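Notes for the one structure printed next.
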């Protein structure tokens, strides 16, 4: 007598494959995304013109502060969006589509949030939102091998 394992609702919906991630993958992806955002902010600051030692130290300190602030905001806003997106992408086996989806969704969500909170330049807001989306995509890419594809 062989007893078949009981399928959850998701497996009945898509029995071909399922992409799962653990808490460790979620934490690693989050930390990599925050680090990527802080480094991106540092690079954009340094790209503004010639830099001497004092400016470099100030920019590095600014990147650290930005990283800490982004970590707090990311934990409250970005992490829930990423978690839900990860669950929605479970039926998609192609990991490149996951990375692309993280870029697109996080860029769009960031843009909508930032535009609603500020009256600044929409193009500048889009650039910041794209940096957030890129950091999220890098975070998702960093845990590629931690995903379990069944």
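In our numbering, the protein residues as written are 478 to 627.
We put the beta carbon where it would ideally sit given N, CA and C, even for glycine.
Since we're looking at a predicted model, the values are computed, not measured.
What does the Cβ neighbour count give for residue i, buried or exposed, with the cut at 16 atoms within 10 Å?
i: residue 617; result: buried
i: residue 619; result: buried
i: residue 517; result: buried
i: residue 548; result: buried
i: residue 559; result: buried
i: residue 541; result: exposed
i: residue 585; result: exposed
i: residue 553; result: exposed
Using three-state DSSP, classify residue i as helix, strand or coil.
i: residue 569; result: coil
i: residue 540; result: helix
i: residue 583; result: helix
i: residue 578; result: helix
i: residue 624; result: coil
i: residue 535; result: helix
i: residue 525; result: coil
i: residue 596; result: coil
So, are the CB atoms of residue i and residue j less than 8 Å apart?
i: residue 587; j: residue 551; result: no
i: residue 510; j: residue 606; result: no
i: residue 623; j: residue 502; result: yes
i: residue 512; j: residue 544; result: yes
Would you kindly report the start and end of the unbroken alpha helix (DSSP H) that includes residue i?
i: residue 606; result: 599-619
i: residue 555; result: Where residue 555 is concerned, there is no enclosing alpha helix (DSSP H), given that its DSSP letter is neither H nor E.
i: residue 498; result: Counting along the chain, residue 498 falls outside any alpha helix (DSSP H), and DSSP gives it neither H nor E.
message: Pairs of beta-carbons, one from the stretch 565-575 and one from the stretch 589-606, closer than 8 Å: are there three or more?
response: no
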